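Throughout the sequence shown, residue numbering follows the numbering used here, covering 58 to 146 in sequence.
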Amino acid sequence: MTTRITGELTAVQVDAALYAVHFWAGDTRNHRYLRAQLEDGERDTFYPDCTLAAFVIPGRWAFRSELSEELGENRDRARDCRPCFRARR
Ligand SMILES: [Zn+2]
């Protein structure tokens with residue numbers, strides 16, 4: 058079923074289903090966070106997609122209180138974290 062679903066959605070739609078974009082007060086950038094992390098009520102810290110790249114940046118772990126509401130397509134893209142939004146998987 059995964060193949061069929063992927064075939065019916067654009068890459069942007071798949072991204073939106075998997076990730077939520079939040080402004081992080083820690084570095085005043087917009088990062089992408091897996092929705093599965095954010096929906097886990099037991100979690101206190103969240104790591105953005107850029108920490109999953111070639112190198113890990115522990116300093117980018119964010120507390121829930123430091124994240125904004127989910128941002129939409131009308132966000133300030135100048136604040137987008139480049140490693141987060143460059144990766145298309
Ligand atoms: Zn990032």
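Using N, Cα and C, we set each Cβ at its ideal position, and we do this for glycine too. Quantities reported herein were computed from a predicted structural model and do not represent experimental measurements.
Query                                                                                                                                     : Result
Between the C-alpha atoms of residue 92 and residue 142, what's the straight-line distance to the nearest angstrom?                       : 15 Å
Terminal residues of the continuous beta strand (DSSP E) containing residue 95?                                                           : Looking at the DSSP string, residue 95 is not in any beta strand (DSSP E); the run it does join, the alpha helix (DSSP H), is 92-95.
Starting from the Cα of residue 120, find the closest Cα among 94, 129, 136 and 132 and give me that residue.                             : 94
Does DSSP put residue 127 in a helix, a strand or coil?                                                                                   : strand
Alpha carbon to alpha carbon, how far is residue 131 from residue 81? Give it in angstroms, no decimals.                                  : 17 Å
Taking only the alpha-carbon atoms, compute the straight-line gap between residue 126 and residue 79 and give it to the nearest angstrom. : 6 Å
Residue 139 by DSSP, collapsed to three states: which one?                                                                                : helix
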